[in-house]
Amino acid sequence: MMAVVILVCSLILMLQFFVSYCRSLIAASAKEPLPLEVQEVTGISRSASADDFSRVIQLLNLCPERPEDRSQLRVVGAYYRLLGFVRSTIALFAPSLKAWADRERALCAYFAAVTLGRRIAFSRNLLAQQMLP
Amino acid sequence: MPGPLQYFIWFSCTLLEVAVLVCAYRRQAIRQYFLLNLYISCEVIASVVRFEILHHYGLLSLNYAYFYYYSDALLTILLFLALSSLYSQVFGELNAGRYVQFGALFLLSATALFSFAVVQQSSAKLLSHFVFELSQNLYFVGLVLTYILWAAILKLRETRTRLIQIVLSLGIYFSLYAANYALRNLYPSMESVFQSLNPLIGCFLPFAWAYAFWRIPDDARLEPSRLAVIR
């Protein structure tokens, strides 16, 4: 009985900590403006929509990888999938939860777009360094 | 002996722990988060000694089992104290450091007494089972304390991003361990499966702390109310 209580409490708290942790990763990028070229490529100007994430990730995969982004993207990707799962299961019975999940998914997409901007800048620098005599 | 994958996870975890110390040193955060870094240093030392014992006596030896569980209990106590140092940081402006230390010691003693009471009723190898029980209970108490700390962060509008990420990652780590221990108790026949998850869970904390020290500047701030799941 005690083990069941500990298990249930741990899982609920883990979910809360995980969501807050992912939000803390995303929060910093939410205020960052997108570079013009990213806005043109992704079609995202001020705010992203919930379904933009996969498209931006595809664009991200075309750019050379920045080692600094890798772990963050993995965590946010896992968070996006968790939100997708919540949206297609529990949120079916609670419309407010669906709206919340969509807002969060949009923030994930914006985070990915900011990362895309950083990768483009990184690729440019890399190219510039190679062009130097 | 452990397989290549287990060795890989073990070494990666130890490397990540070393990375935490290097990042903290480079970002001049050793003193500010002294107990956290002390805990990580002890983790590295324990990992090296465990490897030595494993190499000499083997995985199934009593020497390895005793050292593993006893060092794990000591490390959990140290992590518990590291958590209390985070409390001191959050409540620093309220001059509540003394009360926090007293509270932490009281909870530690209460958990030890509770664990002893549980073990005394049903165990022949009292000390060994006590050590295991204490670790398990401390993970759960640590989880509850981390949640209270998180609530305090939200209430006191603590804005230090690095501190927030350290607390949140500690919460994830404690909850993963507590859930794993609970599953081991619920399904004793699958103990080896759940036990093999321990090193993997152990990698999360040094990974998140290394990230927090390396990537988040000390002066970075964020609005904690944006992070709350329940408002």
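For the record, the sequence lines run as chains A and B.
In this text, residue positions in the first sequence follow our numbering: the first is 2, and each later residue adds one.
In this text, residue positions in the second sequence follow our numbering: the first is 94, and each later residue adds one.
For every residue, glycine included, the Cβ atom is placed at its ideal position computed from N, Cα and C.
Counting only Cβ-Cβ distances below 7 Å, L14/A has contacts in chain B at L236, Y240, G264 and S268, in chain order. Secondary structure within the segment 97-151 of chain B: the alpha helix (DSSP H) runs of 4 or more consecutive residues, fully enclosed, are 97-119 and 127-150 (chain order). Cβ neighbours of L129/B within its own chain (closer than 6 Å, five residues either side excluded): A175.
In the structure shown, R67/A falls within a coil segment according to DSSP collapsed to helix, strand and coil. When beta bridges are read from the DSSP output, R253/B appears opposite R314/B. Less than 8 Å separates the beta-carbon of S30/A from that of F112/A. Closer than 8 Å to the CB of Y161/B there is not a single CB belonging to chain A. Look at S97/A: its C-beta is not under 8 Å from any C-beta on chain B.
Among the residues facing chain B, A28/A is included, as its CB has a counterpart in that chain under 8 Å away. When the beta-carbon positions are compared, F233/B and L269/B stay at least 8 Å from each other. Under the three-state reduction of DSSP output, G44/A falls in the coil class, being neither helix nor strand.
For Y111/A, none of the residues of chain B pass the 7 Å Cβ criterion, the least Cβ distance being about 14 Å. For A28/A, the enclosing alpha helix (DSSP H) starts and ends at M3 to A31.
Here A107/A carries a helix assignment [DSSP, helix/strand/coil].
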